[in-house]
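Structure first, commentary second.
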Amino acid sequence: MERAVVKAKRKELGISCMLNTEVGAVLAVIRRPISESYLSPQETDHCDSSVQQSLKSLRALIFNPQQEWRTIDPSVYLSPFLEVIQSDEIPASATAVALSSILKILKIEIFDEKSPGAKDAMNSIVSGITSCRLEKTDSISEDAVMMRILQVLTGVMKHPASELLEDQAVCTIVNTCFQVVQQSAGRGDLLQRNGRYTMHELIQIIFSRLPDFEVRGEEGGEDSESDTDEIDMNSGYGIRCCIDIFISYVVENSEGTSVHTADEDVQIFALVLINSAIELSGDAIGQHPKLLRMVQDDLFHHLIHYGASSSPLVLSMISSCILNIYHFLRKFVRLQLEAFFSFVLLKVTAFTGFLQLQEVALEGLINFCRQPAFIVEAYVNYDCDPICRNVFEETGKVLCRHTFPTSGPLTSMQIQAFEGLVILIHNIADNMDREEDEGGEEEDSNSIKPSPVEINEYIPFWIEKPKEDFETWVEHIRVRKAQKRKLAIAANHFNRDEKKGLEYLKYNHLVSDPPDPMALASFFRFTPGLDKTMIGDYLGDPDELHLSVLQSFTHTFEFTGMNLDTALRTFLESFRLPGESQKIERMIEAFSERFYNQQSSEIFASKDTVHILCYSLIMLNTDQHNPQVKKKMTEDEFIRNNRAINAGKDLPREYLSELFQSISTNAFALSTHSGPVEMNPNRWIELMNRTRTTQPLSMCQFDRRIGRDMFATIAGPSIAAVSAFFEHSDDDEVLHECVDALISIARVAQYGLEDILDELIASFCKFTTLLNPYTTPEETLFAFSHDMKPRMATLAVFTLANSFGDSIRGGWRNIVDCLLKLRKLQLLPQSAIEFETTEEEALSESDLNMLASQENKFNRRQGSSLMGRFSHFLALDSVEESVALGMSEFEQNLKVIKQCRIGQIFSKSSVLPDVAVLNLGRSLIYAAAGKGQKFSTAIEEEETVKFCWDLIIAVALSNIHRFNMFWPCYHEYLLNILAANLQDQLPEELIFRSITIMWKIDKEIIDTCYDTITEFVSRIITEHSASLQTQIGWKSVLQLLSLCGRHPETKEQAVDALIGLMSTNASHLSQSSYAYCIDCSFSFVALRNSAVEKNLTILDLMTESVTMLIQWYKTASTETVNNFSVASNTSSSSSVEENSLRGVNFVHHLFLKLSEAFRKTTLARREEIRNRAVTSLEKLHHGARGSRIHAVGLHLLHRPRDLPDD
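Anchor point for the sequence shown: position 408 equals 408 in the UniProt record's numbering, and the numbering is continuous, going up by one each time.
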């Protein structure tokens, strides 16, 4: 006890010594000689008699305290120091020492909140510090004093008695600190940095107390501002100072860069303060309506306005601030968050101008995706709301788009987007697996089945149902998502045909029958992409239904608190005013009534005043912004035109002047189509009005049905992006992440998204290089052995087959093709496909069903553990290490194949569902029939068929318990394959490719069999010319006939065959084969030893063939005219026109080729041939006369151009 008393006395003595030291220090500095020019002797005496006397009086009391220092009024020992600080006759150095003395008193906590007079003492310290006066001195001394003031202000707020400060005193402290920051802008970087640091610290101290403030009198909605005055003044500072500080120094300064200075430091500083305030206040802001409204309105408006056009650093701070708001206040800022995504993050990522800004916006999206609940909340609250934007879907597609690699190396943005996409995919997969772990077996079996949503009855799509019963609510939001998809389709129909669009709405129960005016009004009001001109024409129609829709349409607007020009802008932005005056009259009348009923001010006497003034504003807009109007209306003229319109009285001149200035400087937006919009003040006011009627953001738990629907919206782009990234990347870690994403996609797809899983397997089978038809087995084996990517892809494909086989459908065909290629490459040892069926054969059907249920459930839960196999794969020895250990490439490959566990696919097929077994068997039967396979030898084909049959038998043995189910289907597949094979014939094109090779071989070889060749070619021409359907067929036959005609023994037979073709089978010739016929005919005529009579016959037949050319030309010309008319109505007009002209020009070239052949023949040495050629050439042109082919042919004949190649 005595020791405690001694310790207490020692502490009291220590305080006395400290105070004595501080008093002595201040007196010493005051007495220190200074330059003569500053203080006169009289002033020194005055200083000594006032300030120094107060300090000396305190020294006299220091060592004779009547009681403990904690129980003494702090003003006793604080007042002398405060007098020094407030005196303008004291040197700056003495002021600094006095400030240090007060700071020391605060730090050692001589008094606390329970000390008598503590509240007055704290307020006097604030008053004395903020009214500090300095004598004229140098800037360095001033900066030192100001830095000491900042320290003292921080010490005041950190003191235990600071909770006794009044709201005004706290605001004064912050204001003083902010003034130091502003005044130090041109004085020095050190003082400014200290000022900002101090203000940041003050904000942290003040707003950390916000959760402890009592919520008193703030439930009164709009009247809560006056309620803050009722707070007990003795309770210290509270919510009122937080509101004032938030308005004055946080929100207003967040827009300072665009208004006052080009330096972004002020804006960043304000954003730092905002973040600190939100981080420390947490969800307590939501308990104070006025502060919450500031966050919802002023703060969000500023952040969105400056976010899209700011620097990367500012955008990063804004994104962090919004993320903090999402964590604590997302329930209250549903529409504001949607606006931030729409007008900032998604907008910036779509803009290709500034890559650094794009990266910051992308990082902002990824940070949101990292939040466990964000993706499902975004999908439920926005994507499933027909009135909102598809935030989740667009976010996923943005990540996919930026992930997709280009031709060059991977960029940092692509890697960043890929990481975000992987986070998104893992988030969905993990939530679906987690829900399965929490749910029961019955719930699991029901939720795994696909459950498409059908709209069977009319449900108002613009009304959101509150979340009461979770199951009912899940079905409700799924229906709303289906309605949203149907509305987009209806908008497309409406823009093309109004009647079809409205009929589509009725057919899909989006509009009741008879139509509900509010349903049609909501369709016009909230569906994006509608043609605004068509909306205006519909709303302006005088029909009774249209008038009801117009009234309902105006009731979708909230004009509370809007000025007339702002409300009219908002109204006219939703459609385009029709040109008919009566329609405009009806629309303005409906608007005027709605606006008048929602106004709280009494400026308008009636809705007629609003009506007249709206018409005047529309006329003013036309006058001011129509370039054809030369003489513009002045403000006085506008005011004069609107005299006595308010029930015989004038509207306030200031009000009309504001309206005139608003319209003259900013025209009404009268666009035709819905498109990207800006977040202007009008739209923000409309958003805030919608906030009053919109339900809060729904914070819901994850549901597998929702997760399946979510992923289906981004599945295609996600698979394409991950596959492309896998293809272009060479980094082991990135490849590992790609396979990890692959597994997660499969984990999601197993819940009723079988087509997505098939697409995933088909995509990754491509990377195995096993299915590349353009590489040789040697090249495939080399790539498989020396590249990790094909081996990883192979392991991934067979891992999917083992783990998710119950959800694979068409993907089995790709898996079987890979399996056959591995066998062809001899990479499939017998040990890899050993089938273990004996154990399962002994089980009963009920046991197998139970086993299947447990196996499928286990497979669906093992997604995260599957990556262990790939980790082990990546840890395999490198090629060099394997060679050093004596391991060959073949052994390395076998090591990979062994990890694929191929045999389990078939031996455990008994646990697969019926559909999967049927698809697996169909794929094996398809492969056994040789479909999709190329065999080099008959032995290879036989071995492949045998292997496939072995696999089919293995599947059948594993599923003997349900043999009656699958074998009839297998039997049907087999019959179809066998029936198809009976009809197979060798393609004609392959036959003639072989024939073509014959005339390219050496002449000596052909001479040994020319008679046989001539005989069979002649038979083809005379007996089977109708069967020649391809260009290569005619080319091969006629060139061989020309070649054989050079031999004297077969010349006559070849010429007879050609004459027979031209005389009796000419109708079988086509435009493409006619050119080869010309070459063959004139090659015979050019032979010197050919019979003259038969050559003359050939010339006559070729002359008569001009009729075919004329007919072809007419047909081609007719098709050209028809195609031009079609092309004018299609988007592919250029390709149609090109194809049509190509047909006409080809006939021109055939005519030219024939004319040129006759011209060359006129130079023949034999007179009979020469004369007949001249005559034939004349007949040729005479027969073509009257057809445009003749004129074009002559033109082409006299042009120096090359003939088309044969």
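Note that the Cβ used here is the ideal one computed from N, Cα and C, for glycine as well. For clarity, every value in this text was computed on a predicted model and none was experimentally measured.
### Task
Within its chain, find whatever has a CB closer than 7 Å to the CB of R525; leave out the 5 residues flanking it on each side and keep chain order.
As a working note, residue 525 is residue 525 in the sequence shown. A distance below 7 Å between beta-carbons, with the five flanking residues on each side excluded, links R525 to the following residues of its chain, in chain order: F553, T556, S574.
### Task
Give me the Cα-Cα distance between N521 and N1145, rounded to the nearest whole angstrom.
Mapped onto the sequence shown, residue 521 falls at position 521. Mapped onto the sequence shown, residue 1145 falls at position 1145. Before going further, note that residue 521 is Ala rather than Asn in the sequence given. Computed Cα separation, rounded: 57 Å.
#### Entry: Given 8 Å, three or more beta-carbon pairs between the stretch 742-752 and the stretch 427-436
As far as the Cβ criterion goes, the stretch 742-752 touches the stretch 427-436, which means the pair count is three or higher.
### Query
In three-state terms, what does DSSP make of K632?
Here residue 632 refers to the residue found at position 632 of the sequence shown. In the structure shown, K632 sits in coil (DSSP, three-state: anything other than H, G, I, E or B).
### CA-to-CA distance, S616 to H327, given in whole angstroms
As a working mapping, residue 327 is identified with position 327 in the sequence shown. As a working mapping, residue 616 is identified with position 616 in the sequence shown. H327 and S616: Cα-Cα distance of roughly 48 Å.
### Query
Out of curiosity, what's the CA-to-CA distance linking R683 and E654?
Taking the sequence shown and counting its residues from 1, the one referred to as residue 683 is at position 683. Taking the sequence shown and counting its residues from 1, the one referred to as residue 654 is at position 654. R683 and E654 have their C-alpha atoms spaced approximately 25 Å apart.
#### Entry: Buried or exposed by the 16-neighbour rule on C-beta atoms within 10 Å, applied to M699
Residue 699 sits at position 699 when you count from the first residue of the sequence shown. Around the beta carbon of M699, a 10 Å sphere encloses fewer than 16 other beta carbons of the protein chains shown; the residue is thus reported as exposed.
#### Entry: Contact under 8 Å by Cβ, F178 with M146
Looking up residue 178 in the sequence shown gives position 178. Looking up residue 146 in the sequence shown gives position 146. In terms of Cβ geometry, F178 and M146 do not form a close pair [threshold 8 Å].
### Query
Is the distance from the Cβ of M413 to the Cβ of E359 below 8 Å?
The count along the sequence shown starts at 1 and reaches residue 413 at position 413. The count along the sequence shown starts at 1 and reaches residue 359 at position 359. Yes, the pair counts as a contact, with Cβ atoms nearer than the cut-off.
### Message
At the level of alpha carbons, what is the spacing between L13 and L202?
### Response
Looking up residue 13 in the sequence shown gives position 13. Looking up residue 202 in the sequence shown gives position 202. Rounded to whole angstroms, L13 to L202 spans 33 Å at the Cα level.
### Task
Hey, could you find the ends of the alpha helix (DSSP H) residue 1240 is sitting in?
Coverage of the chain is limited to positions 1 through 1206, which leaves residue 1240 absent and any answer about it impossible.
### Endpoints, the alpha helix (DSSP H) within which K898 is located
By 1-based counting over the sequence shown, the position of residue 898 is 898. Counting along the chain, the alpha helix (DSSP H) containing K898 begins and ends at 889-899.
### Query
Would you call the stretch 790-799 and the stretch 890-901 touching, i.e. three or more CB-CB distances under 8 Å?
The stretch 890-901 and the stretch 790-799 touch, with three or more beta-carbon pairs separated by less than 8 Å.
### Task
For the stretch 536-604, list the alpha helix (DSSP H) runs that are entirely contained and at least 4 residues long, ordered along the chain.
Here the runs fully enclosed are 544-554, 564-573, 581-597.
### Task
For A161, count neighbouring Cβ atoms within 10 angstroms of its own Cβ and tell me buried if that reaches 16, exposed if not.
If you number the sequence shown from 1, residue 161 lands on position 161. Residue burial annotation: A161 is buried, with at least 16 other C-beta atoms found within 10 angstroms of its C-beta.
### Proximity below 8 Å, CB of I15 to CB of I102
As a working mapping, residue 15 is identified with position 15 in the sequence shown. As a working mapping, residue 102 is identified with position 102 in the sequence shown. Between I15 and I102, the CB-CB gap reaches or exceeds 8 Å.
### Query
Is K467 helix, strand or coil when you go by DSSP?
Start at 1 with the first residue of the sequence shown, and residue 467 comes out as number 467. It is coil, neither helix nor strand.
### Query
From A519 to A488, what does the alpha carbon distance come to, in whole angstroms?
Start at 1 with the first residue of the sequence shown, and residue 519 comes out as number 519. Start at 1 with the first residue of the sequence shown, and residue 488 comes out as number 488. Looking at the backbone, the Cα of A519 and that of A488 are separated by about 15 Å.
### Query
When DSSP labels each residue in this structure, what does D120 get in the three-state scheme?
As a first step, residue 120 must be located in the sequence shown, where it is residue number 120. Reduced to three states, the DSSP call for D120 is helix.
### Message
For a test of the three-state rule: what should DSSP assign to D189, helix, strand or coil?
### Response
Start at 1 with the first residue of the sequence shown, and residue 189 comes out as number 189. Three-state result, D189: helix.
### Query
Would you call the stretch 181-194 and the stretch 138-152 in contact, with 3 or more CB pairs under 8 Å?
Because the criterion of three Cβ pairs below 8 Å is met, the stretch 181-194 and the stretch 138-152 touch.
### Query
Comparing alpha-carbon positions, which option in F269, P913, E580 lies nearest P542?
Counting from 1 along the sequence shown, the entry for residue 542 is found at position 542. Residue E580 is the option with its Cα nearest to P542.
### Task
List the DSSP bridge partners of K649.
Residue mapping note: residue 649 aligns to position 649 of the sequence shown, counting from 1. K649 is bridged to N646.
#### Entry: From P460, N641, I366, E471, residue whose alpha carbon lies closest to that of Q416
Sequence index remark: in the sequence shown, residue 416 carries index 416 (1-based). Checked all of P460, N641, I366, E471; the closest Cα to Q416 is I366.
### Task
May I have the straight-line CA-CA distance separating I535 from T527, to the nearest angstrom?
Indexing the sequence shown from 1 puts residue 535 at position 535. Indexing the sequence shown from 1 puts residue 527 at position 527. Near 11 Å, if we compare the C-alpha coordinates of T527 and I535.
### Rounded C-alpha distance that separates V1136 from R1170
Position 1136 of the sequence shown, counted from the start, is the residue given in the question as residue 1136. Position 1170 of the sequence shown, counted from the start, is the residue given in the question as residue 1170. The pLDDT assigned to V1136 is 44, lower than 50, so where the model puts this residue is not dependable; a value taken from the coordinates is nonetheless given after this. Cα to Cα, the separation comes out at about 44 Å.
### Query
When you compare only the Cα positions, how much space is there between G1045 and F1158?
For this step, residue 1045 is matched to residue 1045 along the sequence shown. For this step, residue 1158 is matched to residue 1158 along the sequence shown. Computed Cα separation, rounded: 20 Å.
### Query
Between T137 and V29, what straight-line distance do the alpha-carbon atoms span, to the nearest angstrom?
Here residue 137 refers to the residue found at position 137 of the sequence shown. Here residue 29 refers to the residue found at position 29 of the sequence shown. The straight-line gap from Cα to Cα measures roughly 15 Å.
### Query
Can you tell me the Cα-Cα spacing of Y1113 and D1056, whole angstroms?
The count along the sequence shown starts at 1 and reaches residue 1113 at position 1113. The count along the sequence shown starts at 1 and reaches residue 1056 at position 1056. Note on geometry: alpha-carbon atoms of Y1113 and D1056 lie some 29 Å from one another.
### Query
Should the stretch 559-568 be called in touch with the stretch 679-694, which here means at least 3 C-beta pairs below 8 Å?
Touching, yes.
### Selected residue, minimal CA-CA separation from M587, among A605, V549, Q599, D623
Numbered from 1 along the sequence shown, position 587 holds the residue referred to as residue 587. Considering only alpha carbons, the answer is V549.
### Closest by C-alpha distance to K607, when choosing among S601, Q598, E593, M619
Indexing the sequence shown from 1 puts residue 607 at position 607. Its Cα nearest to that of K607, the residue E593 stands out among S601, Q598, E593, M619.
### Message
Helix, strand or coil, according to DSSP, for D703 in the structure here?
### Response
The sequence position of residue 703 within the sequence shown is 703, counting from 1. D703: coil per DSSP, three-state reduction.
### Task
Determine the DSSP secondary structure at D1056, reduced to helix, strand or coil.
Counted from its first residue, the sequence shown places residue 1056 at position 1056. Here D1056 sits in helix by DSSP.
### Query
Would you report the Cα separation of H625 and S664, rounded to the nearest angstrom?
Residue mapping note: residue 625 aligns to position 625 of the sequence shown, counting from 1. Residue mapping note: residue 664 aligns to position 664 of the sequence shown, counting from 1. Distance between the alpha carbons of H625 and S664 is about 8 Å.
### Cβ contact (3+ pairs, closer than 8 Å) linking the stretch 392-409 and the stretch 450-470
A contact between stretches requires three or more CB pairs, one per stretch, nearer than 8 Å, and the stretch 392-409 fails this requirement with the stretch 450-470.
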